[in-house]
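Note sheet for the following structure.
Residue numbers (the working numbering): 259 to 415.
Structure follows, in C-alpha cells:
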C-alpha cells in the first residue's frame with residue numbers, strides 16, 4: 259500500500275477547502291486544476307451534483323514525494339465503511355480500487371499510467387462503490403477538461 263495516502267489526502271483536503279489558492283486554479287469544463295506549493299492536482303465531481311466535496315476524483319502530483327499522476331477516488335462513505343470500488347473509463351474493462359479509509363486508489367503506478375491514457379482519450383468515467391450488503395452507488399464523471407486541468411497541475415515544481 260502506498261505510504262503517503264494519509265499525507266496526500268490531508269494535503270488535498272486542505273488545498274481543496276482553502277479559498278486562498280483560488281489564484282492558482284483553472285477550470286476546464288468538468289475538471290479543475292489547482293497548484294499549491296509542491297502539491298498540484300486536477301479534480302472533478304460527479305455529474306449532476308454540486309461540488310460538495312463529499313465524492314470526487316483527483317489526479318495528484320506531489321513534487322517532494324516524487325509522485326506524479328496518482329489517481330484517488332473519494333467515496334463519501336465513512337472511513338470505517340466496508341466498501342469495494344471500481345473505475346471504468348468508457349467501455350474499457352474496469353480497474354479494481356484498493357480502498358483505504360473511504361478512498362480508492364489504483365493498485366500500481368502501471369495501472370495509473372494505463373488509466374491516465376484511457377482518461378485522456380475518453381469521454382466518461384464511472385465509479386461504482388459496492389457495500390458489504392451488496393447495495394451500490396454509481397457516480398458518473400465527465401472527462402472533458404481532464405487533460406487541460408492535468409497539464410496545469412503538471413506545471414507543479
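The beta-carbon is built from N, C-alpha and C at its ideal position, and this holds for glycine as well.
Only a predicted model underlies this, so the values are computations on that prediction, with no experimental measurement involved.
What number of angstroms, rounded off, separates the C-alpha of residue i from the C-alpha of residue j?
| i | j | result |
| --- | --- | --- |
| residue 399 | residue 383 | 5 Å |
| residue 352 | residue 282 | 33 Å |
| residue 387 | residue 371 | 22 Å |
| residue 332 | residue 405 | 20 Å |
| residue 408 | residue 321 | 14 Å |
| residue 342 | residue 357 | 7 Å |
| residue 415 | residue 318 | 13 Å |
| residue 312 | residue 365 | 22 Å |
| residue 305 | residue 324 | 31 Å |
| residue 297 | residue 315 | 15 Å |
| residue 287 | residue 389 | 31 Å |
| residue 354 | residue 375 | 17 Å |
| residue 394 | residue 340 | 12 Å |
| residue 397 | residue 385 | 5 Å |
Using the three-state DSSP reduction, which class does residue i fall into: helix, strand or coil?
| i | result |
| --- | --- |
| residue 295 | coil |
| residue 282 | helix |
| residue 410 | helix |
| residue 372 | helix |
| residue 403 | coil |
| residue 378 | helix |
| residue 415 | coil |
| residue 367 | helix |
| residue 362 | strand |
| residue 339 | coil |
| residue 290 | strand |
| residue 302 | strand |
Tell me, please, which residues DSSP counts as bridged to residue i.
| i | result |
| --- | --- |
| residue 321 | Note: residue 321 sits in no beta bridge, so no partner. |
| residue 353 | 345 |
| residue 328 | 318 |
Round the Cβ separation of residue i and residue j to the nearest angstrom and send it over; I've been treating them as touching at under 8 Å.
| i | j | result |
| --- | --- | --- |
| residue 289 | residue 392 | Contact doesn't hold; Cβ gap of about 32 Å is too wide. |
| residue 293 | residue 411 | 7 Å |
| residue 380 | residue 347 | 5 Å |
| residue 360 | residue 335 | 5 Å |
Could you check where the alpha helix (DSSP H) with residue i kicks off and where it finishes?
| i | result |
| --- | --- |
| residue 258 | The displayed coordinates of the chain run from 259 to 415. Any statement about residue 258 would go beyond what the structure contains. |
What residue does the beta strand (DSSP E) around residue i start on, and which one ends it?
| i | result |
| --- | --- |
| residue 389 | 382 to 389 |
Is it the case that the CB of residue i approaches a heavy atom of the ligand GTP more closely than 7 Å?
| i | result |
| --- | --- |
| residue 398 | Annotation note on the ligand GTP: not contained in the displayed structure, which lists no ligands. |
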